[in-house]
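J.: Take this structure, written in structure tokens, and hold onto it; I'll ask about it next.
2 protein chains.
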Amino acid sequence: MERHVDSQIEELKKLILTMGGCVEKALDEAIQALISRDTNRFKLVHEIENRINEDHVKVDNQCMAFLAKQGPVARDLRLIISLIKINTDLERMGDQSVNIAHTGKDYLTRTPIKELSDIEQMSTIARRMVKESLDCFVREDAVHAQKILMMDDEVDNLKQKVFKDLLAYIKKNPENADGALDLILIARNLERMGDHATNIAEDVIFVSTGKDVRHGGKYSPQSE
Amino acid sequence: MERHVDSQIEELKKLILTMGGCVEKALDEAIQALISRDTNRFKLVHEIENRINEDHVKVDNQCMAFLAKQGPVARDLRLIISLIKINTDLERMGDQSVNIAHTGKDYLTRTPIKELSDIEQMSTIARRMVKESLDCFVREDAVHAQKILMMDDEVDNLKQKVFKDLLAYIKKNPENADGALDLILIARNLERMGDHATNIAEDVIFVSTGKDVRHGGKYSPQSE
Chain A
-8 MERHVDSQIE
2 ELKKLILTMG
12 GCVEKALDEA
22 IQALISRDTN
32 RFKLVHEIEN
42 RINEDHVKVD
52 NQCMAFLAKQ
62 GPVARDLRLI
72 ISLIKINTDL
82 ERMGDQSVNI
92 AHTGKDYLTR
102 TPIKELSDIE
112 QMSTIARRMV
122 KESLDCFVRE
132 DAVHAQKILM
142 MDDEVDNLKQ
152 KVFKDLLAYI
162 KKNPENADGA
172 LDLILIARNL
182 ERMGDHATNI
192 AEDVIFVSTG
202 KDVRHGGKYS
212 PQSE
Chain B
-8 MERHVDSQIE
2 ELKKLILTMG
12 GCVEKALDEA
22 IQALISRDTN
32 RFKLVHEIEN
42 RINEDHVKVD
52 NQCMAFLAKQ
62 GPVARDLRLI
72 ISLIKINTDL
82 ERMGDQSVNI
92 AHTGKDYLTR
102 TPIKELSDIE
112 QMSTIARRMV
122 KESLDCFVRE
132 DAVHAQKILM
142 MDDEVDNLKQ
152 KVFKDLLAYI
162 KKNPENADGA
172 LDLILIARNL
182 ERMGDHATNI
192 AEDVIFVSTG
202 KDVRHGGKYS
212 PQSE
């Protein structure tokens, strides 16, 4: 028999998936605007962020109402608390997309510096991390969530590469340092997106297993 | 008559104040190590961060236990949820201090670039923001919390100044671009510290007034 609380939890899960879709879209628009040099597309990032912010308040309110009315314990409680945390991470990912749009807009007023394939790849992985971590959340799949934690290393390595390339560029072309710094800051934003997706994956492991894998806590699927 | 839940809430408030003290200390050590060029002091930042991480898990666990056992509603519920959120912000401020320590250590291997008074001032304001926002949380002082939101503008303006100065420096001294980028990233970390303290101040307003001031929501003390 389906409990009434299950349908409320299902609704919250749907809402958080929609928010995640918006975060992916905001990030993709910001990066595609940068790559296609189409300033107009940056506007869309702000529109999507407004939607994310609306959903952010909505999820928080629904979670508070659920806690007050249902007084959940055990797995249901972990799930609602994780939803509140994931909600915060998604909202901040929306902010990061807007930061990318702001810096990207500045960048497009300057001399183009390098092909942006590394930055595009960082964005692709970060978006995959958001999507997969939320899919894991809905399915409560701690095993795949563990794999997402490792994807963050790819994002970090690409960031290191972008930093190194751009520092070398600045030394040869100091007059274009502003544009290079823009790209460095965008790479830093993308690294932060990966960190937020990592937080989500850690929350999934916590909901599904009750194990706290933050700060070096271990979850080993084999021992389940 | 004091409720049993009140003493539990008092204990959680004390724990979060201790954590806040550690965050202030971690940030101060990282910046003072940088200014005094004393690499050994960076180690202390890592030690303090370990303590912050331990408290982070402890606060989360105590909040979960409180929610499960007491099933709080209204103001008590808002308070516990805000504690969970503030806890996350403090933990991330610990991370930022460690980031500053890492980058600072790199910086000390390079040619010194500029006097660091702007960076020191950013750190002083960020620390004041953490301290005051947590004091407001304990006192449930939404009026002063509102003032903390404005202090973040000072941090942002100083960051803009640091960025501008360092870009001008890089253009004249491209061979020292690595060190300049280190300082830019440290200023960016400090800006993020200000953002986290702002989140805490917003949570204080939410606990005390039930008003959500995120995303342009307004709280006007006059209308209370």
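So the protein lines, in turn, are chains A and B.
The first sequence runs -8 to 215 under the working numbering.
The second sequence runs -8 to 215 under the working numbering.
Glycine included, each C-beta is placed from N, C-alpha and C at the ideal position.
Values in this document were obtained by computation on a predicted structure and should not be read as measured data.
1) Measuring CB atoms only, is the region 35 to 47 of chain B touching the region 76 to 83 of chain B, in the sense that at least three cross pairs come out at less than 8 Å?
2) Measure the CB-CB distance between Ala21 of chain A and Ile116 of chain A and report whether it falls below 8 Å.
3) Answer with yes or no whether the minimum CB distance from Arg179 of chain A to chain B is below 8 Å.
4) Are at least three pairs of beta-carbons, each pair with one atom in the region 70 to 80 of chain B and one in the region 134 to 153 of chain B, less than 8 Å apart?
5) Applying a beta-carbon distance threshold of less than 8 Å, which residues of chain B neighbour Thr79 of chain A?
6) Quick check on Thr200 of chain B: does DSSP put it in helix, strand or coil?
7) Rounded to the nearest angstrom, what separates Leu140 of chain A and Leu125 of chain A at their Cα positions?
8) Classify Glu215 of chain A as helix, strand or coil using the three-state DSSP reduction.
9) Mind checking the region 41 to 63 of chain A against chain B and listing, in chain order, the residues whose C-beta falls within less than 9 Å of any C-beta there?
10) Check each residue of the region 158 to 174 of chain A: if its Cβ is closer than 7 Å to any Cβ of chain B, include it; give the result in chain order.
11) DSSP three-state call for Gly62 of chain A: helix, strand or coil?
12) Is His206 of chain A close to chain B, meaning its C-beta is less than 8 Å from at least one C-beta of that chain?
13) Which class does Leu74 of chain B belong to by DSSP, given the choice of helix, strand or coil?
14) For chain B, find out if any of its Cβ atoms is closer than 8 Å to the Cβ of Asp203 of chain A; answer yes or no.
15) Mind checking the region 96 to 118 of chain B against chain A and listing, in chain order, the residues whose C-beta falls within less than 8 Å of any C-beta there?
16) At least one CB of chain B closer than 8 Å to the CB of Ile72 of chain A: is that the case?
17) Return the residue from the list A:Glu15, A:Leu172, A:Ala59, A:Lys163 that minimises the CA-CA distance to Arg66 of chain B.
18) Just to confirm the assignment, what range does the alpha helix (DSSP H) spanning Leu107 of chain B have?
19) At what residues does the alpha helix (DSSP H) containing His135 of chain A begin and finish?
20) Would Ala168 of chain B and Ile161 of chain A be called neighbours here (beta carbons separated by less than 8 Å)?
21) Are Tyr98 of chain B and Asp173 of chain B touching if we call contact CB-CB under 8 Å?
22) Let me know the secondary structure DSSP gives Arg130 of chain A once reduced to three states.
23) Is the shortest distance between the beta-carbon of Leu8 of chain B and the beta-carbons of chain A less than 8 Å?
24) Under 6 Å Cβ to Cβ from Ile191 of chain A, same chain only, skipping five residues before and after it: list those, please.
25) Give the single residue among A:Glu2, A:Lys5, A:Asp(-3), A:Arg28 whose Cα lies nearest to the Cα of Pro103 of chain A.
26) Which residue's Cα is closest to the Cα of Lys5 of chain A: A:Val50, A:His37, A:Ile39, A:Thr30?
27) Which residues of chain B have a Cβ atom closer than 9 Å to the Cβ of Leu3 of chain A, listed in chain order?
28) Using beta-carbon positions only, say whether Val121 of chain A and Ala188 of chain A come within less than 8 Å of one another.
29) In chain B, which residues lie less than 8 Å from Leu25 of chain A when you measure between Cβ atoms?
30) Roughly how far, in whole angstroms, is the beta-carbon of Met184 of chain A from the beta-carbon of Gln87 of chain A, given that I think they are within contact range, below 8 Å?
31) Give me the residue from B:Val14, B:Leu70, B:Asn164 with the minimum Cα distance to Arg130 of chain B.
T.: A quick look at the data gives this:
1) yes
2) Against a cut-off of 8 Å, the Cβ pair of Ile116 of chain A and Ala21 of chain A comes out as no contact.
3) Closer than 8 Å to the CB of Arg179 of chain A there is at least one CB belonging to chain B.
4) no
5) Lys76, Thr79
6) The three-state secondary structure of Thr200 of chain B, taken from DSSP, is helix.
7) 13 Å
8) Note that Glu215 of chain A has pLDDT 40, beneath the 50 cutoff, so the model's placement of it is unreliable and the number below is only indicative. Note: Glu215 of chain A maps to coil in three-state DSSP.
9) Asn41, Asn44, Glu45, His47, Val48, Asp51, Asn52, Cys54, Met55, Leu58, Ala59, Lys60, Gln61, Gly62, Pro63
10) So the list reads Leu158, Ile161, Lys162, Pro165, Glu166, Ala168, Asp169, Leu172, given in the order they occur along the chain.
11) coil
12) yes
13) helix
14) yes
15) none
16) yes
17) A:Ala59
18) Taken as a continuous stretch (DSSP letters only), Leu107 of chain B belongs to no alpha helix (DSSP H), as it is neither H nor E.
19) 133 to 163
20) Yes, they are a contact pair.
21) Tyr98 of chain B places its beta carbon less than 8 Å from that of Asp173 of chain B.
22) helix
23) Using a Cβ-Cβ cut-off of 8 Å, Leu8 of chain B does not count as an interface residue toward chain A, since no Cβ of chain A sits closer than that to its own.
24) If we look at Ile191 of chain A and ignore the five residues flanking it on each side, its Cβ neighbours are Ile77, Asp80, Ser124.
25) Checked all of A:Glu2, A:Lys5, A:Asp(-3), A:Arg28; the closest Cα to Pro103 of chain A is A:Arg28.
26) A:Val50
27) In chain order: nothing, as chain B lies at least about 15 Å away.
28) yes
29) Identification of chain B residues near Leu25 of chain A by a Cβ-Cβ cut-off of 8 Å yields none; the smallest Cβ-Cβ distance measures about 19 Å.
30) 5 Å
31) It is B:Leu70 whose Cα lies nearest to the Cα of Arg130 of chain B.
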